[in-house]
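full-length UniProt numbering applies: residue 1 is where the sequence shown begins, and numbers increase by one.
Yeah, the Cβ is synthetic: ideal placement off N, Cα and C, and Gly gets one too.
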Amino acid sequence: MPMPTGFRASIKSTKTSKAIKANAHDSPHPSERRNSTERKPSVPVMEFFSKEKRRSIGFGGIGLGGKGSNTPGKGSPKSSPNLAPTKPAKLVVDMESPPLVFYGNPSQSTGALLSGQLLLTVTDPEIKLETFQMVLVARVINKRPITRDCPDCQAKVTELFTWEFLSEPTQYKAGMHTFPFSYLLPGHLPATSHGELGHIDYILEANAVSTMSDSITVSRALTVQRALPGHDKTSIRLFPPTNLNVRVLIPSIIHPIGEFSVQMSMTGLIDNSLMNIQKRWRIRRMNWKLEENSKIISPACLKHANKVGGEGKGILHENTRLIGGDEIKEGWKTDYDTQGGEITFEFMASIKQNSHPVCDVDSPTGLTVNHNLVLEIIVMEEQTSGQNTKGAMPTGLGRVLRMQFKTTLTERAGMGISWDEETPPMYEDVPSSPPAYAGIEDFVGDLPADEALEHMQS
1 MPMPTGFRAS IKSTKTSKAI KANAHDSPHP SERRNSTERK PSVPVMEFFS
51 KEKRRSIGFG GIGLGGKGSN TPGKGSPKSS PNLAPTKPAK LVVDMESPPL
101 VFYGNPSQST GALLSGQLLL TVTDPEIKLE TFQMVLVARV INKRPITRDC
151 PDCQAKVTEL FTWEFLSEPT QYKAGMHTFP FSYLLPGHLP ATSHGELGHI
201 DYILEANAVS TMSDSITVSR ALTVQRALPG HDKTSIRLFP PTNLNVRVLI
251 PSIIHPIGEF SVQMSMTGLI DNSLMNIQKR WRIRRMNWKL EENSKIISPA
301 CLKHANKVGG EGKGILHENT RLIGGDEIKE GWKTDYDTQG GEITFEFMAS
351 IKQNSHPVCD VDSPTGLTVN HNLVLEIIVM EEQTSGQNTK GAMPTGLGRV
401 LRMQFKTTLT ERAGMGISWD EETPPMYEDV PSSPPAYAGI EDFVGDLPAD
451 EALEHMQS
């Protein structure tokens, strides 16, 4: 009975391996030579086993992850990652000044004091710096540029101040070296702003270049805020042809975090012009919302000035978004017994969370942000007849009383003390140096007796 082909190939390969181990000088019998020739596997089969053996051993083949290999074999060394060259030193900006806050309007603010230290940590045994400077820049990014792919249309960078720490190439040893810096930010600068149409950022950029052409850089963004003073203000609105008169008391400034109070009173509710018929107004509901209005002028660079009609011109973009609001259906007090009638109401308003409001900005670069508080009161007319003032019937007439009040969104002032008010007073009569000593002349003569000295000391 013939055996399966695969099983027969396995037996032939086993016997062939035994024949290979035999002594090459032994000459087998011709019949045995003929049988061994019949049992010897074909050349492709030997090549297959030879390749499999090389794979398992992994000599310079696929198993070692060599040429033509996609994955490294077991036990093969992993390829080392490409590490970035280490810098001979590093820079860190350490701020020492309090938060940068401009107090007051741009025309009245004295600015904010910026101070800190630039820390140079040398990791090599020594390094020689050829140049070392730091620049304070103001960067204005326009989100609606004339040409989106043009960096000159999209961003404008202005250098405010430059610190030169070296006048000549200097050598530094391993360790930390400090370089103090200070600057008075002018109060007319706009505050840091990240709005829907544009950004205003202030950045410190330090750069040190060694004699070996190694460049060491660091940058740090600064947050500049403005705190404006404000008081509550009263506004009056009239709504002809009715006799309605609305008086609203709101704060002139609001803050990104926290609530603010809105007080309202409405008079002129009752109309007694008709005999035995009284008409009056009643509030049904009220809506309030806080709007943020942004404007920016997108200028064009010299290359794209022809798109806007010439150099110095731009395109105005406007955007309005809602940062707070609510609908109120109750809570007011109605009094029809007073002359003309009166409705009083007070509610708390605030900016909704995660709205990322932007404080008021009026920048010379063309970015403007302001806020408005909008009140909408829906009133319905009703009438009574005779002496029965309780059973009022609606007439079907209604009105929407819409009011808009400008309000300023600003940061909290905290202590509200500017840098110039924290310094000690200056006295004009006190000289800058201590007074000079009187002239001393040499004494020539006999010394006094001890008794005289004791008398002088007593």
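LEU367 beta carbon less than 8 Å from that of VAL361:
Along the sequence shown, read from residue 1 onward, the residue named residue 361 stands at position 361. Along the sequence shown, read from residue 1 onward, the residue named residue 367 stands at position 367. Cβ distance < 8 Å, so VAL361 and LEU367 count as in contact.
Looking at the unbroken beta strand (DSSP E) that takes in GLN171, where does it start and where does it end?
The residue given as residue 171 occupies position 171 in the sequence shown. That run of the beta strand (DSSP E) goes 170-185.
Excluding the 5 residues flanking VAL246 on each side, which residues of the same chain have their C-beta closer than 6 Å to its C-beta?
To locate residue 246, count along the sequence shown from 1; it is residue 246. Excluding residues within five positions, the ones whose Cβ falls inside 6 Å are ARG237 and MET266.
Report the rounded CA-to-CA distance for GLN225 versus ARG284, giving the unit in angstroms.
On the sequence shown, position 225 is the one that residue 225 refers to. On the sequence shown, position 284 is the one that residue 284 refers to. Those two C-alpha atoms are separated by around 41 Å.
Helix, strand or coil at LYS156 [DSSP, three-state]
For the purposes of this step, residue 156 is identified with residue 156 of the sequence shown, where counting begins at 1. Three-state DSSP puts LYS156 in a strand.
Using the rule of at least 16 other Cβ atoms within 10 Å of the residue's Cβ for burial, across every protein chain shown, is GLU38 buried or exposed?
In the sequence shown, counting from the first residue as 1, residue 38 sits at position 38. Its pLDDT being 46, under 50, GLU38 is placed unreliably by the model, and the measurement read from it follows with that caveat. So GLU38 ends up on the exposed side.
Which residue wins for smallest C-alpha separation from TYR202, given the options ILE440, ALA138, THR178 and GLN171?
Translated into positions along the sequence shown, residue 202 becomes position 202. Among ILE440, ALA138, THR178 and GLN171, the Cα nearest to that of TYR202 belongs to ALA138.
Use the C-beta contact count for PRO357: other C-beta atoms within 10 angstroms, 16 or more gives buried, fewer gives exposed.
The residue given as residue 357 occupies position 357 in the sequence shown. Residue burial annotation: PRO357 is buried, with at least 16 other C-beta atoms found within 10 angstroms of its C-beta.
How many angstroms separate the CA atom of GLN278 from the CA atom of ILE270?
In the sequence shown, the residue the question calls residue 278 occupies position 278. In the sequence shown, the residue the question calls residue 270 occupies position 270. Each residue's Cα considered, the two are about 7 Å apart.
Going by beta-carbon coordinates alone, are LEU91 and LEU129 separated by less than 8 Å?
Position 91 of the sequence shown, counting from 1, holds the residue named residue 91. Position 129 of the sequence shown, counting from 1, holds the residue named residue 129. No.
Going along the chain, which residues of its own chain have a beta-carbon closer than 8 Å to the beta-carbon of ALA155, five neighbours each way excluded?
Position 155 of the sequence shown holds residue 155. Here the set comprises ARG139, VAL140, ILE141 and ASN142.
In three-state DSSP terms, what is GLU421?
Here residue 421 refers to the residue found at position 421 of the sequence shown. GLU421 falls in the helix class under three-state DSSP.
With distances taken from CA atoms, which of VAL122, ASN207, ASP214 and ALA221 is nearest ILE200?
Stepping through the sequence shown from its first residue, residue 200 is reached at position 200. For the set VAL122, ASN207, ASP214 and ALA221, the Cα lying nearest the Cα of ILE200 is the one of ALA221.
In whole angstroms, what separates the C-alpha of LEU447 from that of ALA436?
As a first step, residue 447 is located in the sequence shown; it is residue number 447 there, counting from the start. As a first step, residue 436 is located in the sequence shown; it is residue number 436 there, counting from the start. C-alpha separation (whole angstroms): 28 Å.
I need the DSSP call for LYS390, collapsed to helix, strand or coil.
The residue given as residue 390 occupies position 390 in the sequence shown. In this structure, LYS390 counts as coil in the three-state DSSP scheme.
Cα-Cα, which of ILE323, PHE102, LYS307 and GLN339 is closest to PRO256?
In the sequence shown, counting from the first residue as 1, residue 256 sits at position 256. Of the listed residues, the one whose Cα sits closest to PRO256 is ILE323.
Compare the C-alpha of PRO241 against each of SER298, GLN171, HIS371 and LEU401 and name the closest.
On the sequence shown, residue 241 is found 241 positions in, with the first residue counted as 1. Comparing Cα-Cα distances from PRO241 to each of SER298, GLN171, HIS371 and LEU401, the minimum goes to LEU401.
Nearest to THR410 (by Cα), restricted to the options CYS153, THR162, GLY230 and LEU120
The residue given as residue 410 occupies position 410 in the sequence shown. The candidate whose alpha carbon is nearest that of THR410 is GLY230.
Indicate the three-state DSSP secondary structure (helix, strand or coil) for ALA305 in the structure shown.
To locate residue 305, count along the sequence shown from 1; it is residue 305. ALA305 carries a helical assignment under DSSP once its states are collapsed to helix, strand and coil.
Relative to the C-alpha of ILE296, which candidate in ARG412, VAL369 and PRO88 has its C-alpha closest?
To locate residue 296, count along the sequence shown from 1; it is residue 296. Of the candidates ARG412, VAL369 and PRO88, the one whose C-alpha sits nearest the C-alpha of ILE296 is VAL369.
Chain-order list of residues whose beta-carbon lies under 7 Å from that of ASP420 (same chain, five-residue window excluded)
As a position in the sequence shown, residue 420 is number 420, starting the count at 1. Same-chain partners within the cutoff: THR110.
Using only CA atoms, which one of GLN108, ALA112, ASN105 and SER107 lies nearest to PRO99?
Your numbering for residue 99 matches position 99 in the sequence shown. Considering only alpha carbons, the answer is ALA112.
Are GLY341 and ARG280 touching if we call contact CB-CB under 8 Å?
Against the sequence shown, residue 341 aligns to sequence position 341. Against the sequence shown, residue 280 aligns to sequence position 280. Contact flag set, yes.
What ranges does the beta strand (DSSP E) occupy inside the stretch 260-303, keeping only unbroken runs of at least 3 residues that lie completely in it?
If we require 3 residues or more, the beta strand (DSSP E) runs fully inside the stretch 260-303 come out as 277-299.
What are the start and end residues of the beta strand (DSSP E) that includes ASN372?
Within the sequence shown, residue 372 is the residue found at index 372, counting from 1. Looking at the DSSP string, the run of the beta strand (DSSP E) that includes ASN372 is 368-385.
If contact is defined by three or more beta carbon pairs under 8 Å, each pair taking one atom from either stretch, is the stretch 329-338 in contact with the stretch 177-185?
Under the 8 Å Cβ criterion, the stretch 177-185 does not count as touching the stretch 329-338, having fewer than three qualifying pairs.
PRO394 and GLU376: beta carbons closer than 8 Å?
Counting from 1 along the sequence shown, the entry for residue 394 is found at position 394. Counting from 1 along the sequence shown, the entry for residue 376 is found at position 376. The answer is no: Cβ separation not under 8 Å.
Per DSSP, VAL224 is paired with what?
Locating residue 224 in the sequence shown gives position 224, where the first residue counts as 1. VAL224 is bridged to LEU100.
So, helix, strand or coil for PRO251, using DSSP?
Taking the first residue of the sequence shown as position 1, residue 251 is located at position 251. Looking at PRO251 - three-state DSSP - the assignment turns out to be strand.
Does the stretch 163-178 come close enough to the stretch 328-335 that 3 or more CB-CB pairs lie under 8 Å?
Output reads no: the stretch 163-178 does not touch the stretch 328-335.
Is the Cβ-Cβ distance between GLU164 and VAL135 less than 8 Å?
Within the sequence shown, the letter at position 164 stands for residue 164. Within the sequence shown, the letter at position 135 stands for residue 135. Contact: no.
When you compare only the Cα positions, how much space is there between SER215 and GLN133?
To locate residue 215, count along the sequence shown from 1; it is residue 215. To locate residue 133, count along the sequence shown from 1; it is residue 133. So the alpha carbons of these two residues sit roughly 12 Å apart.
Under 8 Å, do ALA298 and PRO145 count as touching if we go by C-beta distance?
For the purposes of this step, residue 298 is taken as residue 298 along the sequence shown, with counting starting at 1. For the purposes of this step, residue 145 is taken as residue 145 along the sequence shown, with counting starting at 1. Per the sequence shown, the amino acid found at residue 298 is Ser instead of Ala. In this structure, SER298 lies near PRO145, with their beta-carbon atoms less than 8 Å apart.
Less than 8 Å between the C-beta atoms of residue 462 and THR365, yes or no?
Residue 462 is absent from the model: the chain starts at 1 and stops at 458.
Based on the DSSP secondary-structure assignment, which residues constitute the bridge partners of VAL444?
As a first step, residue 444 must be located in the sequence shown, where it is residue number 444. Within the DSSP bridge table, the entry for VAL444 names no partner.
Other residues of its chain near PRO190: CB distance less than 6 Å, five sequence neighbours each side excluded
Within the sequence shown, numbered from 1, the residue matching residue 190 stands at position 190. Excluding sequence neighbours, PRO190 sits near ILE200, VAL361 and SER363.
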